[in-house]
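J.:
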Amino acid sequence: MISFEVFVFFTIQGMMLSLLFIQSRFTLKKTFLIIAAALMLMLTADFVLYNMIGAELFLQLYSLTNHVPGMLVLAFISRNRGWQLLFQLLSGVFFCLVTQHFAGLIFYISGSQPWALAAAYGMLTALIIFLLLRFLRPLYLEVLHSLRHGWWLMCMMLAFHYLISIYLIPGYAGEALRPTVLKAAISLLMLGFYVVTFLLFFSVRQGMNAVYSADRLSLQLSALQSRMDAVRAAEESLRVERHDLRHRLQTAAELVMRGDRHNALSLIGDAQSRLDEQQPVHWCHPPMLDAVFCSYFNQAQRQGIRVDAQITLPRRLPAPEAELAITIANALENAISACMALPEADRLIRCRALGQPSLFLEISNFCAAPVPLDENGLPVSGQKGHGLGTRSIASFCKKYGALCCFENQERLFSLRIIF
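Start counting the sequence shown at 1; every next residue gets the next number (UniProt numbering).
1. Touch check for the stretch 109-122 and the stretch 89-96: three-plus C-beta pairs under 8 Å?
2. Just grab the DSSP bridge partners of residue 366 for me.
3. Check the DSSP bridge columns for residue 407 and list the partner residues they point to.
4. Please classify residue 341: is it buried, with 16 or more other beta-carbons within 10 angstroms of its beta-carbon, or exposed?
5. Report the partner residues of residue 351 according to the DSSP bridge assignment.
6. Can you look up residue 179 in the DSSP assignment and give me helix, strand or coil?
7. Residue 101: buried (16+ other C-beta within 10 angstroms of its C-beta) or exposed?
8. With a CB to CB cut of under 8 Å and the five nearest residues on each side skipped, what residues in its chain are close to residue 34?
9. Any contact between the stretch 333-350 and the stretch 292-302? By contact I mean 3 or more CB pairs, one from each, below 8 Å.
10. Residues in the same chain with beta-carbon distance under 8 Å from residue 14, minus the five sequence neighbours each way, listed in chain order, please.
11. Assuming residue 433 is part of the alpha helix (DSSP H), what are its boundary residues?
12. Going by beta-carbon coordinates alone, are residue 371 and residue 330 separated by less than 8 Å?
13. Could you pull out every unbroken beta strand (DSSP E) segment of at least 3 residues lying fully inside the stretch 282-339, listed in chain order?
14. Give me the DSSP bridge partner(s) of residue 173.
15. What do you reckon, are the CB atoms on residue 258 and residue 304 nearer than 8 Å?
16. Kindly indicate which three-state DSSP category residue 5 falls into: helix, strand or coil?
17. With a cut-off of 8 Å on the beta carbons, I'd call residue 323 and residue 396 a contact; round off their distance for me.
18. What first and last residue would you give for the alpha helix (DSSP H) that runs through residue 91?
19. Going by beta-carbon coordinates alone, are residue 18 and residue 79 separated by less than 8 Å?
20. Skipping 5 residues on each side, what residues in its chain have a beta carbon closer than 7 Å to that of residue 374?
21. Keeping to the same chain, check which residues put their C-beta closer than 7 Å to that of residue 332; ignore five residues upstream and five downstream.
22. Helix, strand or coil for residue 385 per DSSP?
23. May I ask which residues mark the beginning and end of the alpha helix (DSSP H) holding residue 73?
24. Could you tell me the alpha carbon to alpha carbon distance between residue 88 and residue 21, rounded to whole angstroms?
25. Using the rule of at least 16 other Cβ atoms within 10 Å of the residue's Cβ for burial, across every protein chain shown, is residue 174 buried or exposed?
26. Which residue from 367, 402, 393 puts its Cα closest to that of residue 411?
27. Around the C-beta of residue 103, are 16 or more other C-beta atoms found within 10 angstroms, so that it is buried, or is it exposed?
28. Out of 294, 6, 108, point me to the one whose CA is closest to residue 58's CA.
29. Nearest-angstrom Cα distance between residue 150 and residue 156?
30. So does the stretch 45-57 actually touch the stretch 160-175, counting three or more Cβ pairs closer than 8 Å?
31. Quick one: what does DSSP say residue 20 is sitting in, helix, strand or coil?
32. Cα-Cα, which of 193, 319, 172, 365 is closest to residue 309?
33. Closest to residue 319 by CA distance: which of 42, 288, 9 is it?
34. Going by C-alpha to C-alpha distance, which of 344, 390, 328 sits closest to residue 290?
35. Tell me whether residue 379 sits in a helix, a strand or coil according to DSSP, three-state version.
Structure (structure tokens):
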């Protein structure tokens, strides 16, 4: 017969494993306070109910008394909804059941030795937590908003395993041969399904990386082409101005000969101003970064967004120019998109880029509402397909050891990257 202490372990383990899949909409401290309070209430109710109705009946009601309240608490905490939320909750319960079934199998094989059961629970729980934190959770969070179909099928499979394990196979794992073997076998089959799910996530991430690489090449070509077009247009304008300059100089010489110095100087000054206007703007030495700044600043100005930029970048950079260019392009694209939700008078992007003593980049823009940040300090997008740009920026900073900071100050949103 299962003791109350084992039920306590099951409850805490299930909540913790489910929590590893959840993206909380609260701060880390508040999240743990909510979970701790919920566990205290659930365990207190369990203690009273266990002593009133006994272990056998309590086990039959365990899903209603623990799984349902636990899932409701986690659903309240989670930022996700729908099938994705259900997948998160069922995944936590699934790994909890896997631990129970394989620990029960080890307990039965050992001849019902209590130390074997305790050691199996400890080692299996630690192994599952390690695998979730090291591999599955990061991969799952990457594809959470990219994989739009198929969640319902994965939920149905996990729910099917849940119903079979708890209601269709009587007995406890570790108590008798038949339930021990059957429950371990079906959990092993579901682990195979989960490996397939893991491979699906991996293929989705590979696809996302391929799209990212294609977008990077497209950006490079687009930005360089835009820069080349601007240079060609400036050269053509200069050619026309040089052609007309001869006539202006002749006119200015005639005015000087007549003693009309004021109009002569005015004509010469006007010609100089027109020549200066045709000079292409260069923002920095690295050509790809110069092309990106030029392309996105021009795009912003065409959208009625004021640009306040101070850029002094060296030729030598602490990261590959192409990858830094795509990172800046993502940040500027996000800033432009945020500004478009504002009245034209409020549209402003500030950009600061310094190369000494280390590379410092800051891009700020006003936004219509404060942008929520997740537990990792990354902006959260409520729309599917959005948020890839910020994750790309964070990935770039992690890859090259740069400090990445997103910050909200009232309606001013800022990104800072420091090498």
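Yeah, the Cβ is synthetic: ideal placement off N, Cα and C, and Gly gets one too.
If you're wondering where the values come from, they're calculated on a predicted model, not measured in any experiment.
T.: From the atom records:
1. With a cut-off of 8 Å, the stretch 89-96 and the stretch 109-122 do not count as touching, because too few Cβ pairs lie within range.
2. In the sequence shown, residue 366 corresponds to position 366, counting from 1. DSSP output for residue 366 lists 412 as bridge partner(s).
3. The residue given as residue 407 occupies position 407 in the sequence shown. Partner(s): 414.
4. Sequence index remark: in the sequence shown, residue 341 carries index 341 (1-based). Residue 341 is exposed by the Cβ-count criterion.
5. Along the sequence shown, one-based indexing puts residue 351 at 351. Its beta-bridge partners are 309, 363.
6. Translated into the one-based positions of the sequence shown, residue 179 becomes position 179. Residue 179: helix per DSSP, three-state reduction.
7. On the sequence shown, residue 101 is found 101 positions in, with the first residue counted as 1. By the neighbour-count rule (16 or more Cβ atoms within 10 Å), residue 101 is buried.
8. If you number the sequence shown from 1, residue 34 lands on position 34. For residue 34, where only same-chain residues beyond five positions count, the Cβ hits under 8 Å are 26, 73, 76, 77.
9. yes
10. Here residue 14 is taken as the residue at index 14 of the sequence shown, counted from 1. Annotation for residue 14: 66, 67, 70, 92, 93, 96 place their beta carbon closer than 8 Å to its own, counting only its chain and skipping 5 residues before and after.
11. Given a span of 1 to 419 for the chain in the structure shown, any question on residue 433 remains unanswerable.
12. To locate residue 371, count along the sequence shown from 1; it is residue 371. To locate residue 330, count along the sequence shown from 1; it is residue 330. No, Cβ-Cβ distance for residue 371 and residue 330 is not below 8 Å.
13. 306-312
14. By one-based count along the sequence shown, residue 173 stands at place 173. BP columns for residue 173 point to 176.
15. Against the sequence shown, residue 258 aligns to sequence position 258. Against the sequence shown, residue 304 aligns to sequence position 304. Not a contact, by the Cβ cut-off of 8 Å.
16. Stepping through the sequence shown from its first residue, residue 5 is reached at position 5. Three-state result, residue 5: helix.
17. Translated into the one-based positions of the sequence shown, residue 323 becomes position 323. Translated into the one-based positions of the sequence shown, residue 396 becomes position 396. So it is a contact: roughly 6 Å between Cβ atoms.
18. Position 91 of the sequence shown, counted from the first residue, corresponds to residue 91. From DSSP, the alpha helix (DSSP H) with residue 91 extends over 82-109.
19. The residue you call residue 18 lines up with position 18 of the sequence shown. The residue you call residue 79 lines up with position 79 of the sequence shown. No. Outside cutoff.
20. As a working mapping, residue 374 is identified with position 374 in the sequence shown. 23, 380, listed in sequence order.
21. In the sequence shown, the residue the question calls residue 332 occupies position 332. Only 296, 363 meet the Cβ criterion.
22. The count along the sequence shown starts at 1 and reaches residue 385 at position 385. Note on residue 385: pLDDT 45, under 50, position unreliable in the model; no value is reported.
23. Taking the first residue of the sequence shown as position 1, residue 73 is located at position 73. 68-77 is the span of the alpha helix (DSSP H), which, as asked, contains residue 73.
24. Walking along the sequence shown from the start, residue 88 turns up at place 88. Walking along the sequence shown from the start, residue 21 turns up at place 21. So the alpha carbons of these two residues sit roughly 5 Å apart.
25. Taking the first residue of the sequence shown as position 1, residue 174 is located at position 174. Buried, by the Cβ-count rule.
26. What you label residue 411 is simply residue 411 of the sequence shown in a count that begins at 1. Comparing Cα positions, the closest option is 367.
27. As a position in the sequence shown, residue 103 is number 103, starting the count at 1. Its Cβ being crowded by 16 or more others within 10 Å, residue 103 is buried.
28. As a working mapping, residue 58 is identified with position 58 in the sequence shown. Residue 58 has its Cα closest to that of 6, out of 294, 6, 108.
29. As a working mapping, residue 150 is identified with position 150 in the sequence shown. As a working mapping, residue 156 is identified with position 156 in the sequence shown. Rounded to the nearest angstrom, the two C-alpha atoms are 10 Å apart.
30. no
31. Here residue 20 refers to the residue found at position 20 when the sequence shown is read from its first residue. Here residue 20 sits in coil by DSSP.
32. Sequence index remark: in the sequence shown, residue 309 carries index 309 (1-based). Minimum Cα distance to residue 309 is reached at 365.
33. On the sequence shown, residue 319 is found 319 positions in, with the first residue counted as 1. The candidate whose alpha carbon is nearest that of residue 319 is 288.
34. By one-based count along the sequence shown, residue 290 stands at place 290. The residue among 344, 390, 328 with its C-alpha nearest the C-alpha of residue 290 is 328.
35. Mapped onto the sequence shown, residue 379 falls at position 379. Three-state DSSP puts residue 379 in a strand.
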